[in-house]
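Residue numbers (the working numbering): 71 to 495.
Where is the CB? At the ideal position from N, CA and C, for every residue including glycine.
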């Protein structure tokens with residue numbers, strides 16, 4: 071069995087396989103959680119900075135957002151609403167070296183849709199193949215631009231209404247845009263042709279309850295971004311839905327396997343992305359939901375046959391973790407248990423470390439160092455080690471941040487609620 075994509079392919083092959091890209095460079099950060107969608111990137115990044123020191127540039131953004139920046143071909147792209155009502159939703163493009171605004175594209179929607187105060191509009195991360203950039207604006211549509219900001223295509227996929235808003239991000243795989251839509255009255259996973267925007271496949275996810283709640287009034291919904299896993303030479307698109315984990319065949323969209331167990335007494339919720347840990351898929355449900363590990367070589371409903379364990383309750387999980395050398399390193403939205411090193415085969419924490427603030431952003435690994443930015447704007451840098459926590463730096467920007475850093479060409483890009491920062495000389 072051959073499952074670990076990262077360890078069995080060359081760097082160039084990984085880029086072309088997972089992103090279907092012909093114009094990306096090894097230094098690019100082209101989508102949510104980097105070039106391989108797993109939070110790991112080659113290269114270097116700054117270790118120490120603050121709001122005044124080691125800042126190359128910063129630019130103001132019109133509205134707060136939980137979305138993260140991407141860096142492609144010397145350009146930084148990020149989404150932002152223009153107004154608090156979210157009726158104007160924009161994609162901004164900046165020069166990566168200078169911070170100069172190169173272009174902005176704004177789409178409009180004629181109504182104000184609900185969202186949670188901690189999850190502003192435009193909390194989605196763009197994705198690019200180096201020639202095009204795709205942006206998900208939920209009820210305002212899915213939009214594709216060329217790198218100069220000219221619209222290539224757009225799709226209206228319907229209305230997505232939820233009391234907590236939206237936040238899932240698209241990915242690109244083998245010339246297809248893969249999107250987990252929702253949350254809302256309807257929710258589906260779809261693949262669209264990157265060149266034309268035409269639907270290749272679609273799988274609806276049927277959920278019980280109303281738009282926001284299940285039958286007992288507990289909340290439900292999924293905000294998770296899909297990941298790609300290669301199992302026995304075939305690519306699977308793995309998505310956490312409110313009640314179950316589902317793996318889709320990347321080419322046909324057919325369900326390969328599913329695993330139940332995410333429903334719990336506080337709700338049916340999914341925030342963080344799956345972590346592919348060798349032959350296992352590790353997931354955590356939202357709102358202190360269960361954690362599970364699933365062997366990915368099954369078919370059909372594998373709850374009884376391939377679920378390795380299910381732990382009933384975890385710390386609040388919003389940001390996503392990284393698998394490295396037999397351990398999963400995970401950030402939590404609970405400062406008391408802000409960082410953990412987890413055994414993916416048992417779900418047990420090898421160590422747990424308090425952090426300055428809750429972590430809503432995801433972990434990033436570069437040059438043998440982990441980076442994670444907390445809600446207070448403090449980025450903690452630490453060494454990966456299953457033996458214990460070893461902090462290298464603690465860097466404060468003094469602005470609230472719910473996003474994930476992007477690393478490209480020796481620089482680190484952080485989007486706070488007020489600014490986009492380029493860190494490094």
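Proximity of residue 128 and residue 352 at Cβ, strictly below 9 Å: Position 58 of the chain shown, counted from the start, is the residue given in the question as residue 128. Position 282 of the chain shown, counted from the start, is the residue given in the question as residue 352. Cβ atoms of residue 128 and residue 352: not closer than 9 Å.
The stretch 320-332 touching the stretch 353-371, judged by at least three CB pairs closer than 8 Å: A contact exists between the stretch 320-332 and the stretch 353-371.
Pair within 9 Å by beta-carbon distance, residue 116 and residue 482: Counting from one through the chain shown, the residue named residue 116 turns up at place 46. Counting from one through the chain shown, the residue named residue 482 turns up at place 412. Yes, the pair counts as a contact, with Cβ atoms nearer than the cut-off.
Three-way DSSP call (helix, strand, coil) for residue 375 in this model: Mapped onto the chain shown, residue 375 falls at position 305. Residue 375 carries a helical assignment under DSSP once its states are collapsed to helix, strand and coil.
Buried or exposed (CB count within 10 angstroms, at least 16 for buried), residue 171: Counting from 1 along the chain shown, the entry for residue 171 is found at position 101. Exposed is the call here.
Neighbour-count burial assignment, residue 457, 16 or more Cβ in a 10 Å radius: Locating residue 457 in the chain shown gives position 387, counting from the first residue. So residue 457 ends up on the exposed side.
Residue interval of the beta strand (DSSP E) (run including residue 314): As a working note, residue 314 is residue 244 in the chain shown. Its beta strand (DSSP E) spans residues 314-319.
Cut-off 8 Å between Cβ atoms - residues of its own chain near residue 186, not counting five sequence neighbours on either side: The residue you call residue 186 lines up with position 116 of the chain shown. So the qualifying residues of the chain are 233, 234 and 235.
One or two residues paired with residue 489 in a DSSP bridge: Within the chain shown, the letter at position 419 stands for residue 489. Per DSSP, 130.
Spatial distance of residue 494 from residue 444 (CA atoms): In the chain shown, the residue the question calls residue 494 occupies position 424. In the chain shown, the residue the question calls residue 444 occupies position 374. Computed Cα separation, rounded: 19 Å.
Nearest-angstrom Cα separation, counted from residue 290 out to residue 338: The residue given as residue 338 occupies position 268 in the chain shown. The residue given as residue 290 occupies position 220 in the chain shown. Answer to the nearest angstrom: the Cα atoms are 4 Å apart.
Nearest residue (CA-CA) to residue 419, options 166, 146, 381 and 274: Within the chain shown, numbered from 1, the residue matching residue 419 stands at position 349. Ranking the options by Cα distance to residue 419, first place goes to 381.
Rounded C-alpha distance that separates residue 442 from residue 321: Here the question's residue 442 lines up with position 372 in the chain shown. Here the question's residue 321 lines up with position 251 in the chain shown. Spanning the two alpha carbons is a distance of roughly 34 Å.
Proximity to residue 194 [Cα-Cα], best of 477, 473, 479 and 202: Numbered from 1 along the chain shown, position 124 holds the residue referred to as residue 194. Per the Cα distances, 473.
Where residue 406 sits in the DSSP three-state scheme: Locating residue 406 in the chain shown gives position 336, counting from the first residue. Helix, per DSSP.
Residue 478 burial status per 10 Å Cβ neighbour count (16 or more: buried): As a first step, residue 478 must be located in the chain shown, where it is residue number 408. The residue is buried, with at least 16 neighbouring Cβ atoms inside 10 Å.
Where residue 305 falls: helix, strand or coil (DSSP): The residue labelled residue 305 in the question sits at position 235 within the chain shown. The answer is strand: DSSP assigns residue 305 an E or B state.
Residue 400 beta carbon less than 9 Å from that of residue 386: On the chain shown, residue 386 is found 316 positions in, with the first residue counted as 1. On the chain shown, residue 400 is found 330 positions in, with the first residue counted as 1. Against a cut-off of 9 Å, the Cβ pair of residue 400 and residue 386 comes out as no contact.
Closest by C-alpha distance to residue 440, when choosing among 416, 413 and 390: By one-based count along the chain shown, residue 440 stands at place 370. If we check each option's Cα against that of residue 440, 390 comes out closest.
Expected contact under 8 Å - CB spacing of residue 307 and residue 346 to nearest Å: As a working mapping, residue 307 is identified with position 237 in the chain shown. As a working mapping, residue 346 is identified with position 276 in the chain shown. Not really, about 12 Å apart at Cβ, beyond 8 Å.
Residue 192: first and last residue of the uninterrupted beta strand (DSSP E) it sits in: Your numbering for residue 192 matches position 122 in the chain shown. Residue 192 -> no beta strand (DSSP E), and no H or E assigned at all.
Straight-line gap, residue 405 to residue 287 (C-alpha atoms, nearest Å): Locating residue 405 in the chain shown gives position 335, where the first residue counts as 1. Locating residue 287 in the chain shown gives position 217, where the first residue counts as 1. Taking the straight line from one Cα to the other gives about 28 Å.
Contacts around residue 317, its chain only, beta-carbon distance under 6 Å, and the 5 residues preceding and following it disregarded: Walking along the chain shown from the start, residue 317 turns up at place 247. Cβ neighbours of residue 317 beyond the five flanking positions: 306, 308, 326 and 327.
Inter-residue spacing [alpha-carbon to alpha-carbon] between residue 431 and residue 448: One-based indexing of the chain shown puts residue 431 at position 361. One-based indexing of the chain shown puts residue 448 at position 378. Roughly 11 Å separates the two Cα atoms.
Reference residue 143; option with closest CA among 94, 176 and 150: Position 73 of the chain shown holds residue 143. Among 94, 176 and 150, the Cα nearest to that of residue 143 is on 94.
Residue 48 in three-state terms, based on DSSP: There is simply no residue 48 to check, as the chain begins at 71 and stops at 495 in what is shown.
Start-end ranges of the beta strand (DSSP E) lying completely within the stretch 123-190, minimum 3 residues: As far as the stretch 123-190 is concerned, its whole beta strand (DSSP E) runs of at least 3 residues are 125-130, 140-142, 145-151, 158-165 and 171-178.
Inter-residue spacing [alpha-carbon to alpha-carbon] between residue 192 and residue 366: The count along the chain shown starts at 1 and reaches residue 192 at position 122. The count along the chain shown starts at 1 and reaches residue 366 at position 296. Cα to Cα, the separation comes out at about 33 Å.
Residues bridged to residue 270 (per DSSP): Within the chain shown, residue 270 is the residue found at index 200, counting from 1. None, per the DSSP bridge assignment.
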